[in-house]
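Notes to accompany the following structure.
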Amino acid sequence: MVAGGGLGAAMVLAGAARASASPGRKPRSDARVVIVGAGLAGIAAAYQLHRVGVASTVYEARDRLGGRCWTARGFADGQTAEHGGEFIDTRHVHLRQLVRELGLELDDLFAARSGPYSPNWVRGRNLSQHEINVGMRRVQAAVTREARRVGVLRGDGRVDTAAYSYPTATPRAVAVDQRSMAEWLETHVPGVLDSDLGEWLDQTMCGWYGLNMDRLSALNWIDYLIVPYPGADERWHVHGGNDQVINRAAAALPAASVHTGAPLHAIRRRAGGSYALDFDGVPRPVIADLVILTLPFTTLREVDMQGARFSAHKLAAIHQLAMGSDAKVIVQYDTRPWTLDRWSASMTSSDPDFDTWESSAREPGQAGLITVYAGGRTGASWRGPAPHAPATPGLRNSVLDQIDRAVPGSRAHFNGHAWADLWPDDQWTRGSYAAFAPGQMTRFWVGLGKPEGNVHFAGEATSTYSQGYLNGGVESGDRTALEIMRKLRIPLPRHLTKLPYSPI
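For what it's worth, the working numbering labels the leading residue of the sequence shown as 1273, then goes sequentially.
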């Protein structure tokens, strides 16, 4: 199965041809701007700078663009899924605006047909929604009390996340931050951790935050149950594949402004405030007046930064911030899930731990695509011949068999297509998206996007507005583009300034 690589590369080349044929514009600044990383953050920043007449050069370690925004193709009926980020919330205004600007369309996943059966398969049985609701009342009450003690939930009912953010966290928040979600749950809601509900919660947190509860800060309970995110609905997907955003935005850039196969090796500050960047495959240091680093911190920590003169706090975040270990197996059936015992395509499973959803909701044909999504220790344990490759028979069968236990007869409809995306094994991400381990929320939540000299930071890890989502890349790319415009004293475009941004 060809799942994105060849077609994606062809689209990039076609985009470069269109860009080279487009008329140039006189630069509004001669500043040397270098962007490291050609995922959504890097390409969004380059695109917005280009629109106001600021030239930039983008360097990407991979042989393709997009990073974790990468569409999987080659399935029956011409259906697509996503190797990486998939869903777009209604609140993801930065990405939705960019989609419109590029002439793309969004599919409304809520309009798709779906069945009512969504099993929570825990320890060999379907844990009913009633059982979950009853058990969660105790958890919700305990987390609400903690949110008041921490200072997040105020007397007037308002939520103030500054109470657990850097550098404004309260002493209680710092104390709670030292404990894991599992430790906090066992102390404050005794008996739940080792129950079926506790097993379900652990898998839920793996899917949501990327790690098991024993590796996540207890403050994640407050983020999960107390902090409101209006419009967080995972309702939308780009028609035809999310990576079209990358390809169309890159096509608008000047020819030869994006270089692939060039991982960053070192960055150092020079006298006068400019920077020298060493890229593998580039014979001489690249000199920049302004830099945007969009690399995941798991990759950035491998770069030689001794001469960059970053602050101790920034270096601590780069070297220590946790990373989710989510992985995907995409399987295709010869029919839609709602024909299989009225299955919604949604399932939470333990042993093996994973969640599922339908990726063919607004796709053509009769086949059904199911994304099997595992985080935590399960996601980290999955193996394959390469980080992105057809799923091994063992891995494929383990998920198909578990689904068949909850949805009897589904196994017989598997059509042979199964693909694995093992993001923890991907050398350029080493995981899925940023996570906050014990002790890290009050140290690193807010502030990761703060510039260091003339080096700016983007990527989903720097976004508290939509951390872990594709929009976090676009939002942070837009933000860093605005930061550079301010430094160059270029008027800020209204289409960017009207949008909300994460505090830095």
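Just so you know, even glycine gets a beta-carbon here, dropped at the ideal spot from N, CA and C.
Taking its Cβ as the centre, do 16 or more other Cβ atoms sit within 10 Å of residue i, making it buried, or is it exposed?
i     : result
G1463 : exposed
L1764 : exposed
R1668 : buried
T1570 : buried
H1660 : buried
F1729 : buried
G1744 : buried
H1591 : exposed
I1559 : exposed
G1719 : buried
A1445 : buried
A1684 : exposed
N1405 : exposed
F1716 : buried
Hey, residue i and residue j: beta-carbon distance below 8 Å or not?
i     : j     : result
T1442 : G1427 : no
T1664 : G1651 : no
A1646 : A1599 : yes
H1531 : D1550 : no
E1358 : S1631 : yes
N1484 : F1708 : no
S1390 : S1621 : no
V1306 : Y1331 : yes
L1469 : G1407 : yes
G1721 : I1564 : no
A1678 : V1601 : no
A1639 : A1413 : no
G1339 : P1299 : no
E1732 : G1740 : yes
G1711 : S1489 : yes
Nearest-angstrom Cα distance between residue i and residue j?
i     : j     : result
T1701 : A1333 : 11 Å
L1473 : S1618 : 16 Å
E1506 : R1758 : 33 Å
G1309 : R1421 : 41 Å
G1296 : A1524 : The predicted position of G1296 is uncertain, since its pLDDT is 46 and thus under 50; no value can be drawn from it.
W1480 : G1513 : 22 Å
D1698 : R1520 : 25 Å
D1623 : P1772 : 40 Å
I1539 : L1378 : 39 Å
A1589 : R1608 : 44 Å
Helix, strand or coil: which one does DSSP assign to residue i?
i     : result
T1570 : helix
M1273 : With a pLDDT of 38 at M1273, under the threshold of 50, the modelled position of that residue is not reliable, and no figure is offered here.
Y1501 : coil
S1748 : helix
A1661 : strand
L1778 : Examination of residue 1778 is not possible in this model, given that the chain is present from 1273 through 1776 alone.
Y1436 : helix
I1776 : coil
T1714 : helix
G1470 : helix
Y1496 : helix
G1314 : helix
V1324 : coil
L1612 : coil
When DSSP builds the beta bridges, which residues end up paired with residue i?
i     : result
V1644 : V1601, T1628
E1354 : T1343
T1329 : V1306
R1540 : A1548
W1508 : I1360, D1380
H1531 : Y1331
L1562 : V1305
Give a yes or no on whether the minimum CB-CB distance between residue i and chain B is below 8 Å.
i     : result
G1637 : Here chain B cannot be found, since the structure has a single protein chain.
Under 7 Å: does the beta carbon of residue i sit that close to some heavy atom of the ligand HEM?
i     : result
L1473 : The ligand HEM is absent from the structure shown, which contains no ligands of any kind.
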